[in-house]
Amino acid sequence: MPITSNDVARLAGVSQPTVSRALRGDPRVSPATRDRVREAAAALGYVPSEAGRSLVTRSSKRVGIVVTDLTNPFYPHLIGPLHDELEKHGYRMLVFTERSDSQMASAQLLDGSIDGAVLLTSTIGSALPADLDRRGLPFVFLNREGGGAGGDAAAVDNALGGRIAAQHLVELGHRRIAGLFGPEDTTTGRDRELGFRLALADAGIGLPAALTRNGTFDFDTGYHGLTELMTVHPRPTALFCGNDVMAMGALNAALRQGIDVPGELSVVGFDNIPMSAWESFQLTTIGHDLGEMAASAARLLVERITEGSPRPPGQASRRIVLEPHLITRATTSAPPA
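Heads up: the sequence shown runs through residues 1 to 337, numbered per the UniProt record's numbering.
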């Protein structure tokens, strides 16, 4: 038969409710009693039931992580720090994944199994954030934000990052510059493109439609986008990609076509995922602290959960915005003479 809290109570010489309170760290239980109960639980190999605990505390101590693209190597670098920060606060993670936000029904998140949610891959038109807000489940945006929804957020200044990328290429002397941008229905895609375009305009450089493509933040978009862009005449001498994964696809296409990077084509990415520093890439990119962004999102959410309610009506959302910076490696140089 499984060991129960009643067995622990008998061994420790206390009541069953005292066992429950002691194992929760309830301050009403003296330190000596807590120690005695924990020693008894350890001796018997007793593991408290999370289901039973949640009935008492009205808290599952679980947080849902909503992500629609687990194949993208960017997201593990957010999920790891998320897990570590949530664990510090006593929370576990459950991962919810669908192919798109529109397929993620709020009912999946509102069955009482989680205390809050982290939204990693929100789109601007998604109804999910507003539904969660209306239904009272605390949530936070991480990396991307949802258009019009009032959740707290931890993100990077995407528009500034796009500006920095453009300024770097302009300072190197490039004038025929191309852009492989992310999806227009994401804040990361939209804002990085906007910042890039504005900085080029400030430098008096146009960005014609023939030299731009929009697509998903993946390897194939970078590979096929670069292949198409290099058929334009005259060819661009520099390329900004909406994220590092796209840039790696572009670099692979350049290698396949025998295009010298950076001699014939300079390439800049965005995010500085660890792969970008590999010797096989040495990608110049726009960096920001992925770990701190993820940890900030976790802390924002725990604060909302601890407050016992989602963002009160009329209260401004809390946003933590990290500042991006240029990381120069081997994929950018002055344009060919």
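Virtual Cβ for every residue (Gly too), placed ideally from N, Cα, C.
Collapsed DSSP secondary structure at residue i in the structure displayed
i: S296; result: helix
i: L120; result: coil
i: M230; result: coil
i: D202; result: helix
i: L110; result: coil
i: Y75; result: coil
i: Q257; result: helix
i: T221; result: helix
i: R28; result: coil
i: S5; result: helix
i: A40; result: helix
i: Q167; result: helix
i: L132; result: helix
i: T189; result: Just to set this straight, residue 189 is Gly in the shown sequence, not Thr. DSSP places G189 in helix when its eight states are reduced to three.
i: S333; result: coil
i: N272; result: coil
i: A127; result: coil
i: G81; result: The question names Gly, yet the displayed sequence has Pro at residue 81. The answer is helix: DSSP assigns P81 an H, G or I state.
i: F281; result: coil
i: P208; result: coil
Residue i versus residue j: straight-line alpha-carbon distance, rounded
i: L194; j: A159; result: 6 Å
i: H89; j: V302; result: 8 Å
i: F141; j: R24; result: 30 Å
i: T332; j: P236; result: 13 Å
i: G13; j: V47; result: 18 Å
i: V37; j: R10; result: 10 Å
i: D218; j: M275; result: 14 Å
i: H288; j: T4; result: 48 Å
i: F281; j: G179; result: 19 Å
i: residue 344; j: E279; result: The structure shown does not extend to residue 344, since the chain spans only 1 to 337, so no value can be given for it.
i: I114; j: K61; result: 7 Å
i: T212; j: L239; result: 9 Å
i: L326; j: T285; result: 6 Å
i: E184; j: T216; result: 9 Å
i: N6; j: R21; result: 13 Å
i: F96; j: L70; result: 10 Å
i: H77; j: V245; result: 13 Å
i: G116; j: L128; result: 13 Å
i: L119; j: T328; result: 31 Å
i: S317; j: Y223; result: 38 Å
i: N136; j: V156; result: A quick correction: the sequence has Gly, not Asn, at residue 136. So the alpha carbons of these two residues sit roughly 26 Å apart.
i: I259; j: M248; result: 14 Å
i: residue 367; j: E307; result: In the structure as shown, the chain begins at 1 and stops at 337. Residue 367 is therefore absent and cannot be evaluated.
i: G291; j: P138; result: 22 Å
i: L198; j: Q167; result: 10 Å
i: V19; j: D26; result: 10 Å
i: D35; j: A154; result: 39 Å
Assigned exposure category for residue i - 16 Cβ within 10 Å defines buried
i: G151; result: buried
i: L255; result: exposed
i: A210; result: exposed
i: R92; result: exposed
i: R28; result: exposed
i: E85; result: buried
i: G80; result: exposed
i: G173; result: exposed
i: P336; result: exposed
i: G242; result: buried
i: A294; result: buried
i: P31; result: exposed
i: A42; result: exposed
i: G112; result: exposed
Beta-bridge pairing of residue i - partner residues as DSSP gives them
i: A153; result: F141, R319
i: residue 369; result: Since the first residue shown for the chain is 1 and the last is 337, residue 369 is missing from the structure and cannot be characterised.
i: L239; result: A178, V267
i: N214; result: F181
i: R62; result: R92
Self-check item: Touching by the beta-carbon criterion (3+ pairs, under 8 Å), the segment 113-132 and the segment 161-177
Solution: no
Quiz item: Quick one: any contact between the segment 260-272 and the segment 115-123, if contact means 3 or more CB pairs under 8 Å?
Solution: no
Quiz item: Is there contact between the segment 193-207 and the segment 218-234, where contact requires at least three CB pairs shorter than 8 Å?
Solution: no
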